[in-house]
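Visitor:
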Amino acid sequence: MDPLDSIVLCTYDQATRQGYGTSAFLEDLMPSCIVLYDPDMAFIREVEVFYTSHIAPLEIYFMMYDESTEQQSYLSEIQREKRAFDKLIHQKARLVMPANVYDLPLHMKLRQQTVEYSMDTRTGGRAKSHRASVKVVVDVREFRSALPSMLHKDGLFVLPVTLEIGDYVLSPEICVERKSIGDLFGSLNSGRLFNQAESMRRFYKTPVLLIEFTHGKAFSLQDVSELSPEINATNIVSKLTLLILHFPSLRILWSRSPHATVDLFKIVKKYQDEPDMNAAAALGNGLLVDGAAQGSSAEGGLASSYYNTSSIDVLKKLPGINEHNYRTVLAKVKNLADLSNQSLDELTELLGKVNGKKLHSFFNSTQ
């Protein structure tokens, strides 16, 4: 029988099971007319591909009742498909791409780096190659995660020590606080991240917040549809934005996995001095004298080499002094003795009516 005179009746399941799927089924039949009863979206898309890849004419008909349940179901499926594509286009337009996406892999770059040389006088001054050790100071509590072992496996010299400030010290000027997504949400809600950023800024020129995502999960803090141009106190992106505005020197690194973090650390450490384990461990616990910090902070003059950090800690515990006004006191008052001799009017002008009265009462109480 001539194929043009034959009629084939089958269900969608039967069509997809023939050969290698719907496309193979259509290639075998080479139909000139297709009538779809209760249209299936997946089958329709296969027919569209078949139609565009062949020159032979093809007529397609839908058989359904107007304004029926089947018609509404089909139209709803089209709308869902359209929304899915719109969302995909919107997300790809805002997708964060690595700066070196078209560059060489990091391990190939490291092979191309110039090897350091030293002069060996016993061999007539001939240059002797050696590879400089790359050191990272790591807080011992971080060994519960996989990152320290990955750093060691990749050739970095890991120095474990108890750190009061930060989780990783990459150089005398760079300190890193690592946060998983769960830790980030909790620290922002409790205000702990604010205090950690303040401590890093006090002792390091470049404080860094590392946000490490879980491998295989969405690389975003929230859905794109939830983003808003307005600041919202309950929104995670708004809280992160306020943190950055409050600490302009804070840098943020985004990592998809611990493997990506290792590559980031290598890039950040390039051309940097190696950290001092003893100095890093002493910061924040009063073991170092003022001015002995590894690096000097460039933000607001709050470096330990400029202010007595112990006095700052005492100042922040006084009544009426908080995170929002203590910098004003540091800028306008010489020392704690000068602050204690201020009049009520001077303290009111400096701190406001309520806070000024609290501090004045504390200094002038007769009890």
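Going by full-length UniProt numbering, the first residue of the sequence shown is number 1, and it counts up by one from there. We put the CB at the ideal spot given by N, CA and C, even for glycine. Computed from a predicted model, the values in this text were never measured in an experiment.
1) The alpha helix (DSSP H) spanning Ile267 covers which residue range?
2) Can you give the Cα-Cα distance for Asn335 and Gln272, rounded to whole angstroms?
3) Taking C-alpha atoms, which residue in Val136, Ser190, Asn189 and Gly182 lies nearest to Asp167?
4) Taking the beta carbon of Ser199 as the centre, do at least 16 other beta carbons fall within 10 Å, making it buried, or is it exposed?
5) Within 10 Å of its beta-carbon, does Tyr204 have 16 or more other beta-carbons around it, so buried, or fewer, so exposed?
6) Whether or not the stretch 267-281 and the stretch 162-177 are in contact is what I'm after, with contact meaning three or more pairs of Cβ atoms, one per stretch, closer than 8 angstroms; do they touch?
7) In three-state terms, what does DSSP make of Thr11?
8) So what does DSSP say about Val176, is it helix, strand or coil?
9) Helix, strand or coil: how does DSSP classify Val158 here?
10) Report back the beta-carbon spacing between His360 and Leu350 to the nearest angstrom; my notes put them in contact at under 8 angstroms.
11) State the Cα-Cα distance for the pair Ile244 and Val333, rounded to the nearest angstrom.
12) Quick one: residues in its chain with C-beta nearer than 8 angstroms to the C-beta of Val134, no 5 flanking neighbours on either side, listed in chain order?
13) Distance, Cα to Cα, Ile312 vs Pro207?
14) Tell me the start and end of each unbroken beta strand (DSSP E) in the stretch 312-338 that is at least 3 residues and wholly inside, in chain order.
15) Does Arg251 come out as helix, strand or coil in the three-state DSSP assignment?
16) If you compare alpha carbons, which of Met63, Phe50 and Asn364 is closest to Tyr37?
17) Given a threshold of 16 other Cβ atoms within 10 Å of its Cβ, counted over all protein chains shown, does Lys239 qualify as buried or as exposed?
18) Ignoring anything shorter than 3 residues, give me the beta strand (DSSP E) runs that lie fully in the stretch 26-68, in order along the chain.
19) Would you give the residue range spanned by the beta strand (DSSP E) that Thr209 belongs to?
20) Output the boundary residues of the beta strand (DSSP E) element that contains Asp139.
21) Give the DSSP-derived three-state secondary structure of Ser149 in the structure shown.
22) List the residues that DSSP assigns as beta-bridge partners of Val169.
23) Can you tell me whether DSSP reads Asp5 as helix, strand or coil?
24) With a threshold of 7 angstroms on Cβ separation, who are the neighbours of Ala84 within its own chain once the five nearest residues in sequence on each side are excluded?
25) Alpha carbon to alpha carbon, how far is Gly356 from Lys87?
26) As a quick exercise: from Met41, His54 and Val47, pick the residue whose alpha carbon is nearest that of Ser73.
27) Is the beta carbon of Asp139 sitting closer than 9 angstroms to the one on Thr162?
28) So what's Gly191 in DSSP terms, helix, strand or just coil?
29) Note the first and the last residue of the continuous alpha helix (DSSP H) segment covering Asn355.
30) Report the rounded CA-to-CA distance for Glu59 versus Glu67, giving the unit in angstroms.
31) Does the separation of the CB atoms of Leu283 and Glu164 fall below 9 angstroms?
32) Looking at C-alpha atoms only, which residue of Leu159, Lys179 and Cys175 is the closest neighbour of Ser145?
33) Less than 8 angstroms between the CB atoms is what I'm expecting for Ala56 and Ser32, so what's the real figure, rounded?
34) Roughly how many angstroms separate the alpha carbons of Arg17 and Thr214, rounded to a whole number?
35) List the endpoints of the continuous alpha helix (DSSP H) containing His246.
36) Can you tell me where the alpha helix (DSSP H) holding Asn278 begins and where it ends?
Guide: On the basis of the coordinates in this document:
1) Pro258 to Lys269
2) 36 angstroms
3) Val136
4) buried
5) buried
6) yes
7) coil
8) strand
9) strand
10) Not really, about 10 angstroms apart at Cβ, beyond 8 angstroms.
11) Straight-line spacing of the CA atoms in Ile244 and Val333 works out to 27 angstroms.
12) Excluding sequence neighbours, Val134 sits near Gly155, Leu156, Phe157, Lys266, Lys269 and Glu274.
13) Linking Ile312 to Pro207 through their CA atoms gives a straight-line distance of about 19 angstroms.
14) none
15) strand
16) Met63
17) With 16 or more Cβ atoms within 10 Å of its Cβ, Lys239 is classed as buried.
18) 33-37 and 59-63
19) Looking at the sequence provided, one finds Leu at residue 209 rather than Thr. Taken as a continuous stretch (DSSP letters only), the beta strand (DSSP E) holding Leu209 covers Thr206 to Glu212.
20) Following the DSSP letters along the chain, one finds Asp139 inside the beta strand (DSSP E) bounded by residues Lys135 to Asp139.
21) helix
22) Val137 and Cys175
23) Note: Asp5 maps to helix in three-state DSSP.
24) Excluding sequence neighbours, Ala84 sits near nothing in its chain.
25) Lys87 has its alpha-carbon roughly 53 angstroms from the corresponding atom of Gly356.
26) Met41
27) yes
28) coil
29) Lys353 to Phe363
30) Taking the straight line from one Cα to the other gives about 23 angstroms.
31) yes
32) Lys179
33) With a Cβ gap of about 7 angstroms, Ala56 and Ser32 count as contacting.
34) 38 angstroms
35) Ile236 to His246
36) Met277 to Ala282
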